[in-house]
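Anchor point for the sequence shown: position 64 equals 68 in the numbering used here, and the numbering is continuous, going up by one each time.
Here's the structure, in structure tokens; my notes come after.
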Amino acid sequence: MENDEDLLRMAIAYRAHLRLRERVICRQASCKPAWSMLLELLIAQLSKETMHIRTLTRAARIKDTTALRWIDWLHGHQLIERHPDPHNRLRVIIRLSIEGRKVVKAMLFDMAARLNGL
């Protein structure tokens with residue numbers, strides 16, 4: 005059964021993870037949209053699914069305008085790649101870059117280590 009001390013340790017560990025995530029992924033006040041998209045892209049990549057801008061924004065539950073700004077930011081920081089869709093010239097395929105995958109993997113392992121250490 006959980007007690008207040010366990011809950012406090014979990015909250016502190018998670019807060020530390022969130023702060024690390026913000027330092028590593030972006031140095032802005034809130035990078036939740038970026039993290040949500042990176043996480044969805046990793047899930048898609050590991051599931052061998054193709055992710056287009058529209059499917060990414062829906063999966064990450066982010067408004068299109070916000071998502072487009074963050075997609076530009078992530079692309080500019082070489083965390084994602086954009087590729088033309090060979091089946092539809094109007095669509096763009098979005099994938100994690102090698103560096104983007106490293107970042108997401110590091111964040112997930114950090115979170116697991118912090119929570120397992122409780």
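Glycine included, every Cβ here is placed at the ideal spot set by N, Cα and C.
Restricting to runs no shorter than 4 residues, where is the alpha helix (DSSP H) found entirely within the segment 6-73? 8-29, 36-50 and 57-64
Note down, in chain order, each residue of its chain lying with its Cβ closer than 8 Å to the Cβ of Ile29, except the 5 sequence neighbours on either side. On the sequence shown, position 25 is the one that residue 29 refers to. Cβ within range, chain order: Cys35, Ala38, Trp39, Leu42, Leu83, Val107 and Met111.
What does His91 pair with, by DSSP beta-bridge criteria? Against the sequence shown, residue 91 aligns to sequence position 87. His91 is not bridged to any residue.
Where do the ends of the beta strand (DSSP E) carrying Leu100 lie? As a position in the sequence shown, residue 100 is number 96, starting the count at 1. Run containing Leu100: Val96 to Leu100, per the beta strand (DSSP E) assignment.
Pull up the distance between the alpha-carbon of Arg51 and that of Asp8, whole angstroms please. Working through the sequence shown from its first residue, we reach residue 51 at position 47. Working through the sequence shown from its first residue, we reach residue 8 at position 4. The sequence given here places Ser at residue 51; Arg does not occur at that position. If you take the alpha carbons of Ser51 and Asp8, they lie about 38 Å apart.
State the beta-bridge partners of Ile84 as determined by DSSP. For the purposes of this step, residue 84 is taken as residue 80 along the sequence shown, with counting starting at 1. Answer by DSSP bridge pairing, in chain order: Leu100.
Count the other C-beta atoms from every protein chain shown that fall within 10 angstroms of the C-beta of Ile102, then say buried if there are 16 or more, exposed otherwise. Numbered from its first residue, the sequence shown carries residue 102 at position 98. Under this definition Ile102 is an exposed residue.
Check whether Arg118 and His21 have beta carbons under 8 Å apart: What you label residue 118 is simply residue 114 of the sequence shown in a count that begins at 1. What you label residue 21 is simply residue 17 of the sequence shown in a count that begins at 1. The answer is yes: Cβ separation under 8 Å.
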